[in-house]
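Data first, discussion second: the structure below is written as structure tokens.
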Ligand code: ATP
Ligand code: MG
């Protein structure tokens, strides 16, 4: 593949090419893939109308690029390492040959069940190989997969299934998550009561728990694949045919069903995977996200497989059987690239360091972070203890909507800087906007983060709701893609994501980003996590409310002292204007199932609006909300 960056001057050189002639740049990269027919135009876009098309006229099947293309040279190489939840169960090494057989068999089963190109299939599976097989089987025959994270409730499933009128659902009898065993099929049965479009349900046996099978509707996948052929021709897809629908995390409101298409998504995820992780043949890559999130789609499944990489699918959780698990898996499989989220880093940093120190982490080459801004403390801990100060950390900024990473250091080329996502990737043109809609020039500026020109991986629409797509991303700044996040540009042009635009609070006329204040709070030894929100205040317009969790319980007296210390440090590091009017200590913060703090709920609580908390379908821990309301700081 062309344009893989090896040093900083090369990055600047390639970036200039990419921005000067994006069509030439991206078509040169696209040439390294297998197309059934070459595209006739590279880019056709009208950002004002939110109408974006890449590689029109081109025909392909992404599975030929993820699998078939590698068979000759790498058939016996491991494509996927499956690391089960329990340490008593052996890891499974799945070769490209085996992956091909499994995907083709399931693809034939789907066809046999009447699934056609363009039909939607909901996949509600735990992190087991069948999840990857099923997604690729859909892609093989041109069905559109809509993966729903297997921790979601039945209401979350039914609303997603109905939104996309899914014809089929693929699930498992149950799932293992740490010490827990969850009966998934029961959850599905409850969801399907309200889902008239679902005609059949395929069930993978995983935990062998007791489940109900509805005659004519439910089938065990293994029964059907037994007699299925391992050969299924790859459907011919137009470059702009949808590959999948995926719902956003719901941090800021009702989840949006983003639609990603085939050609551009393939080219973008493959290219960014190679650059951001500097993956070399034979290396072992591990991303700990769930495939149910975009991170898993793009950087567990598609990006790595498109590069013929070995990617780990981990079924378990970081705390089971104990807090060693991540470090043990890294040692066991000699992981080279490790990609995780700030929420996991913060929770593991709370544990005794001996968990880390007893493992050999010398195989590591690149560390990654994604999902939320990473605070300085967590960044330094990650760098020091996990990377042993020799592995560059790629703080990757992107979204479900963007398909792939947009801003990130390129390891060994871009010097890293704690809490900075640094430079845009090749072909990406970020701009910072003023409230008035003007591009802010120069460095040392703060603004709303927009992208000026289209890139191949951008979502093309919201399923069945192009109007919402246009309004959400293209109306605030006509002609630009608006991310909803705010950022600053430092003296050398590095970007730091300062949080969501909604998280900026205006206190006595000053715009305050909440992320830097949270960073300051998190630097207190005893603090595990914090979230700041604004609430209406008679004099200041808004005042700041801090919700803080601690690493261990402390006495009321110590709490009072800590409140004072927190405000002193904010005063020192940011200014007295940013001092918190209220601080509440709590056991946990409300989070989305993807591990992000749901500040919009805290905002309601801080404003005394307890009755309508908004869409809570993606809330992980309702008990945290109850606790916070009960002990609400007056
Ligand atoms: P919704 O759009 O439904 O509110 P969401 O934005 O949390 O949910 P995702 O697409 O999963 O859904 O998350 C993307 C968001 O995550 C980004 O807009 C940004 O706020 C945050 N984010 C992701 N990576 C980073 C990062 N490296 N640094 C800072 N923020 C990040
Ligand atoms: Mg979002």
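Numbering (full-length UniProt numbering), first residue to last: 1 to 634.
Glycine included, each C-beta is placed from N, C-alpha and C at the ideal position.
A quick note: this is a predicted structure, and the numbers were derived from the prediction, not measured.
Query, Result
"Taking the runs of the beta strand (DSSP E) that are 3 residues or longer, which of them lie wholly in the region 244-306?", "257-261 and 284-287"
"Assuming residue 164 and residue 146 form a contact by the criterion Cβ under 8 Å, report the distance between their Cβ atoms to the nearest whole angstrom.", "5 Å"
"What are the start and end residues of the alpha helix (DSSP H) that includes residue 518?", "514-522"
"Of all the alpha helix (DSSP H) runs that stay within the bounds of the region 301-371, which reach a length of 4 or more residues?", "303-306, 325-333, 342-349 and 354-357"
"Please indicate yes or no: does the CB of residue 430 lie closer than 7 Å to some heavy atom of the ligand ATP?", "no"
"Per DSSP, what are the beta-bridge partners of residue 83 in this structure?", "314"
"Say the cut is 7 Å; is the CB of residue 372 nearer than that to a heavy atom of the ligand ATP?", "yes"
"What three-state label does DSSP hand residue 383 in the structure shown?", "helix"
"Please state the DSSP three-state secondary structure of residue 684.", "Here the chain covers residues 1 to 634 and nothing more, so residue 684 does not appear."
"Please indicate yes or no: does the CB of residue 248 lie closer than 7 Å to some heavy atom of the ligand MG?", "yes"
"Using the Cβ count rule (16 or more neighbours within 10 Å means buried), how would you classify residue 278?", "buried"
"Comparing the CB of residue 611 with every heavy atom of the ligand ATP, is any distance shorter than 7 Å?", "no"
"Within 10 Å of its beta-carbon, does residue 353 have 16 or more other beta-carbons around it, so buried, or fewer, so exposed?", "exposed"
"Within the continuous alpha helix (DSSP H) that includes residue 163, where are the two ends?", "154-163"
"Can you list, in chain order, the residues of its chain with a C-beta nearer than 8 Å to that of residue 486? Leave out the 5 residues immediately preceding and following it.", "446, 447, 448, 449, 497, 498, 499, 500, 501, 503, 504 and 513"
"Just grab the DSSP bridge partners of residue 145 for me.", "121 and 244"
"Does the beta carbon of residue 252 fall short of 7 Å from some heavy atom of the ligand MG?", "yes"
"What did DSSP end up calling residue 440 once you bin it into helix, strand or coil?", "coil"
"Assuming residue 405 and residue 425 are in contact, meaning their beta carbons sit under 8 Å apart, how far apart are those beta carbons, in whole angstroms?", "6 Å"
"Could you say which of 360, 444 and 378 lies nearest to residue 368 if we only look at CA atoms?", "378"
"Just to confirm before moving on: does the CB-CB distance between residue 401 and residue 459 stay below 8 Å?", "yes"
"Taking buried to mean at least 16 other C-beta atoms within 10 Å of its own C-beta, is residue 273 buried or exposed?", "buried"
"Would you check whether the ligand ATP has a heavy atom nearer than 7 Å to the C-beta of residue 255?", "yes"
"Does residue 56 come out as helix, strand or coil in the three-state DSSP assignment?", "strand"
"Closest by CA to residue 245, which one among 57, 416, 511 and 149?", "149"
"Quick one: what does DSSP say residue 68 is sitting in, helix, strand or coil?", "helix"
"Which residues mark the beginning and the end of the alpha helix (DSSP H) in which residue 96 is found?", "96-112"
"With 16 other CB atoms within 10 Å as the buried threshold, where does residue 12 fall?", "exposed"
"Tell me, please, which residues DSSP counts as bridged to residue 582.", "545"
"Below 7 Å CB to CB, which residues in the same chain sit around residue 14 once its five sequence neighbours on both sides are set aside?", "3, 5 and 426"
"Label residue 208 either buried or exposed according to how many other C-beta atoms from any shown protein chain fall within 10 Å of its C-beta, with 16 as the threshold for buried.", "exposed"
"Taking 8 Å as the threshold (C-beta atoms), are residue 192 and residue 203 in contact?", "no"
"Where in the region 194-236 do unbroken runs of the alpha helix (DSSP H), each at least 4 residues long, occur, reported from the N-terminal end onward?", "221-225"
"Please classify residue 78: does DSSP put it in a helix, a strand, or coil?", "strand"
"Exposed or buried, what is residue 346 when buried is set at 16 or more other beta-carbons lying within 10 Å of its beta-carbon?", "buried"
"Would you mind sorting residue 217 into buried or exposed? The rule is 16 or more other CB atoms within 10 Å of its CB.", "exposed"
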